[in-house]
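Undergrad:
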Amino acid sequence: MRIAIATSPEGTVFPGHFAHAPIYRIYLYEDGKLRLVEERRNPLGDVPDLDAGGGHHHQQMHGVAKYKWLRENVLPDVDVVLAGGACQTSYMYFTSNGVKVLFTEPVEVDVLTRYVEENPEEFQRALLESAQY
């Protein structure tokens, strides 16, 4: 299973909407262990959150089309997104495409990955519960 953690440049879980995280750390999760595969830059990370209103924007970078672009171009191979937040539209888009979206506080990514590895049953339970909603 591939997991994307929405990450700030400082190495913490990005505290805002995951679609605007500047970096995604991509991990392979196997046998209760996480292995960092790569870091991916998010071109949308520098774009203001225009879904919240205000400003001018290109139609292709708004709403469902924006999340479709993110899924297809930045996160095409992930099964889970760990993030600090999301809007309802992005959550619904990603989950309807089979991606589990779990939320956490903006802790250091190393603390989060260590927690996942030290608590595999709890992580598996969170994944199962996310499928029920």
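For the record, in the sequence shown the residue sitting at position 47 is 183 according to our numbering, with numbers rising by one throughout. The C-beta atom is built at its ideal place from N, Cα and C for all residues, glycine as well. Note that the structure is predicted; figures quoted are calculated from it, not measured.
When we look at the beta-carbon of Val-245 and count the other beta-carbons within 10 Å, is it buried (16 or more) or exposed?
TA: Result: buried.
Undergrad: Can you give me the start and stop residues for the beta strand (DSSP E) that Thr-143 sits inside?
TA: Element bounds for Thr-143: 138–143.
Undergrad: In this structure, does DSSP put Leu-170 in helix, strand or coil?
TA: Three-state result, Leu-170: strand.
Undergrad: Taking buried to mean at least 16 other C-beta atoms within 10 Å of its own C-beta, is Leu-264 buried or exposed?
TA: Burial call: exposed.
Undergrad: With burial defined as no fewer than 16 other Cβ atoms inside 10 Å of the residue's Cβ, what is the status of Leu-164: buried or exposed?
TA: Answer is exposed; the Cβ neighbour count stays below 16.
Undergrad: Excluding five sequence neighbours on each side, which residues of the same chain lie with their C-beta closer than 8 Å to the C-beta of Asn-233?
TA: The residues are Arg-207.
Undergrad: Quick check on this structure: which residue in Leu-170, Ala-157, Thr-148 and Arg-161 has the alpha carbon closest to the alpha carbon of Pro-179?
TA: Nearest option by C-alpha distance: Ala-157.
Undergrad: Within 8 Å, do at least three Cβ pairs link the segment 208–215 to the segment 168–175?
TA: The answer is no - the segment 208–215 does not touch the segment 168–175, with fewer than three Cβ pairs under 8 Å.
Undergrad: Nearest by alpha-carbon distance to Arg-261: which of Glu-241, Lys-236, Pro-242 and Val-243 is it?
TA: Taking only the C-alpha atoms, the option nearest Arg-261 is Lys-236.
Undergrad: Going by the CB atoms, is the gap between Ile-162 and Val-217 shorter than 8 Å?
TA: No, the Cβ-Cβ distance between Val-217 and Ile-162 is not below 8 Å.
Undergrad: Between the Cα of Leu-170 and the Cα atoms of Gly-199, Asn-255, Thr-249 and Thr-148, which residue gives the shortest distance?
TA: Measuring from the Cα of Leu-170, the nearest candidate turns out to be Thr-249.
Undergrad: Please name the residue or residues paired with Phe-239 in a DSSP beta bridge.
TA: The partner list for Phe-239 (beta bridge, DSSP) reads Ala-219.
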